Amino acid sequence: MVVKVLLVPLLFLFTSKPGACHLTLEEQYVRRGEMVLLQCPSTCYQKGDAKVIWTSYTAQKMDLTNMSSAEQKQMGVLVHQNSLVILSASVDHHGNYSCSVGNASCQFRFMLTASTSKSKEYEEMHNKSCDTQESCMLNCPDPTIPPNITKNGFTWHKGEAKDGYFQTVEEKDKGVYTCTRSYLYLGQIYNKTFRVELQLKPKKFDKAAVIISPKDNEVVPVDLGSKAEIECKAVTYSDFDGVFWISGGSVMFKNPSLPVYYKTTREKNAEKIKLTASLVFKKVSEEDLSKNYTCKLESVSNNLPSFVTITLVQKTRPSYIFLCPSIVAIVVVMVVTVIIYVKLKIDITLFLRDTLGCYGRTSDGKIYDAFVMCYKSDTDAGVNADDRKWLESVLEEKFGYSLCLYDRDVLPGKATAEAVLDCIEQSRTVVLVPTSPDPDLGSGLLSAIHAALVERQTRLIFIKTETTQDSTSGSLAEALQFFSEAGVCVTWKGLSSMPSASSFWKQLRYYLPAIPRLLLLHMSSCTLHHLPF
């Protein structure tokens, strides 16, 4: 039986005070035994610090706000600021209620109807919209309640929506679902029922699923008798899309015990899903080469499935017929190149210096390119005085070297040892020339010179004669033996060594510091006609 108490709107007009900002009536339907939550709209109670007054017009007009807690409990109501809670609606609660602020300048009115009917119109209705074929969560409404009422969970009443969650929502799932929330107040459980209507909308795809590799009609080289794995990769945007392999018009199996099978992986990143179907050959056979294999992508976002077809071919093995001759030829070329360089490195170096101006002189603070110092040969086949003068003249006038000569550049009266060491200090190279006869420098001075060369890391060029070269090392003085081992040796062969193109001059110039090309050209043009050849 439905019991309705309706007070005509005229009643509110008579009871309302002049100056009310508006008169609004809201109808509330509730099933008996359910909790009722009435909330005063924010347009009424947000008026500074004014107090919200709740009034009941059921059996008689009553001011609910100013009632004591015991009186509110006896009536089964709870007033908290802008909220009026009827804990368990009964016939005593149907009627009319109003909320007002201050002197009733703003009022909002409710008409409450309580019923024993199980009709769904007595449950609050809410809407939920989800995409077809997507996951969906129904939310049981959660209204704001006074803080002294404790939430005690909720229950859905339709079995298909376990906990209100659909892993994949379909057309058959749409409709109205009911949930009941439980509340605990003063040791008593109170319930409030809600209805949620699930509405479906078709899924929209902004992007189409595609196969990104391999390419259609691609030829894949494989080794016969070996394992092979071919990956088919696709990008999609739906959990319902899939990729698989086909051969001979039939879908292949995922059974790893088979000689040929496929396996899949799925990687999800935001909305994008990367699918991989790997075609595995445990051991490639001749029969496998005669078949075509198709990777197929089926997607809900595409009207037609997409696919690519590949074929297998045997890898071309490298030919070793020309490999060995090629290696031999490379080795021969390298050996010949090394031999030529070793034989002609002096000529190559001099050519680069004289023709291309390649030299490495740096600003080292030295005055002379070389210090020409004579030593007494242990034989009578040393360089005579005329040849020594001629050698010094060619070095200076033809080739442009700056020489320090003891008998010319050392001041008279200076101690021999000190003068020699000063010349070494100011020169980039020391050239020892065997002479006969020659003043004996003494083994002590030669030892001091050797120590100075080692300390200053000055290059030493030790000129020998053919007789000296043929002599045993034991025939040289001990000090000269040090020079012979520490420096580079150039052999003087008499008349055959005099031409500027002789091996003697090439070796000597190779070991001497390089002369800038412009200076060399200038010296050659100015002095060539003064030379004896």
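Mind the numbering: the sequence shown is residues -21 to -1, 1 to 512 in mature numbering (1 follows the signal peptide of the UniProt record, and there is no 0), read in order.
All residues carry an ideal CB built from backbone N, CA and C; glycine is no exception.
Treat the numbers as computed from the prediction; the structure is a model and nothing was measured.
Cβ atoms of V31 and V80 come within 8 Å of each other, at about 6 Å. Per DSSP, V155 is one residue of the beta strand (DSSP E) stretching across G154 to Y164. The beta carbon of S406 is closer than 8 Å to those of K345, I346, Y347, D348, A349, F350, C383 and T437 in its chain, skipping five residues each way along the sequence. The shortest C-alpha to C-alpha distance from G166 to any of R435, K52 and V148 is the one to K52.
With fewer than 16 other Cβ atoms from the protein chains shown falling within 10 Å of its own Cβ, L390 counts as exposed.
Assignment of K186 by DSSP, reduced to helix, strand and coil, places it in the coil class. Contact between the stretch 306 to 324 and the stretch 369 to 380 is absent: fewer than 3 CB-CB pairs across the two stretches fall below 8 Å. DSSP places E371 in no beta strand (DSSP E) but in the uninterrupted alpha helix (DSSP H) bounded by A364 to S372. When Cβ pairs closer than 8 Å are counted between the two stretches, the stretch 39 to 56 is seen not to touch the stretch 202 to 210, the count staying below three. Its chain contains M116 as the residues whose beta carbon lies nearer than 6 Å to that of Y144, once the 5 sequence neighbours on both sides are disregarded; these appear in chain order. In its chain, beyond the 5 residues on either side, F441 and K443 have a beta carbon closer than 7 Å to the beta carbon of C468. Non-local beta-carbon contacts of R245 in its own chain, meaning distances under 7 Å to residues more than five positions away in sequence, involve I252 and L254 in chain order. Check the Cα spacing between R11 and each of F87, T95 and H59: the tightest is with T95. When secondary structure is reduced to three states using DSSP, A93 falls in the strand class.
Counting of Cβ neighbours within 10 angstroms places Q146 among the exposed residues, the total staying below 16. Taking C-beta separations shorter than 6 Å and ignoring five residues to either side along the sequence, the partners of T273 in its chain run I225, F286 and T288, following chain order.
Checking the DSSP bridge columns, you'll see I168 partnered with L163. The Cβ atoms of Q178 and S108 sit closer than 7 Å to each other.
Residues Y162, L163 and Y164 of the same chain have their beta carbon placed closer than 8 Å to that of T129, with the five preceding and five following residues left out of the count. Boundaries for Q51: no beta strand (DSSP E) harbours it, while the alpha helix (DSSP H) harbouring it runs S48 to M54, taken from the DSSP string.
Taken atom to atom, the span from the alpha-carbon of Q486 to that of A364 is near 22 Å. The beta carbon of V239 lies closer than 8 Å to those of S226, M231, L258, V259, F260, K261 and D267 in the same chain, with the five residues before and after it left out. Minimum Cα-Cα distance from D386 among the listed residues T395, S278, V222 and Y380 corresponds to T395.
Taking 4 residues as the shortest admissible run, the stretch 204 to 273 contains the following complete alpha helix (DSSP H) segments, listed from N- to C-terminal end: 265 to 268. The alpha-carbon separation between K40 and H105 amounts to approximately 33 Å.
Within its own chain, the residues whose Cβ lies closer than 6 Å to the Cβ of V198, once the five positions on either side in sequence are excluded, are T290 and V292, listed in chain order.
Counting along the chain, C303 sits inside the alpha helix (DSSP H) bounded by residues L302 to L335. Here K233 has Y240, Y241, K242 and T243 as same chain residues with Cβ atoms under 8 Å from its own Cβ, once five neighbours each way along the sequence are excluded. Taking the Cα positions, K322 is about 12 Å away from S482.
Here the C-alpha atom of R160 lies approximately 34 Å from the C-alpha atom of A249. Note on geometry: alpha-carbon atoms of F133 and V175 lie some 13 Å from one another. A direct Cα-Cα distance of roughly 23 Å separates V70 from C19. The shortest CA-to-CA distance from E210 to any of T316, S217 and K194 is the one to K194. Looking at the backbone, the Cα of V433 and that of A308 are separated by about 45 Å.
In the three-state DSSP reduction, R435 falls in the helix class (H, G or I).
Measuring C-alpha to C-alpha distances from L400 to each of R435, E5, N75 and I319 identifies R435 as the nearest.
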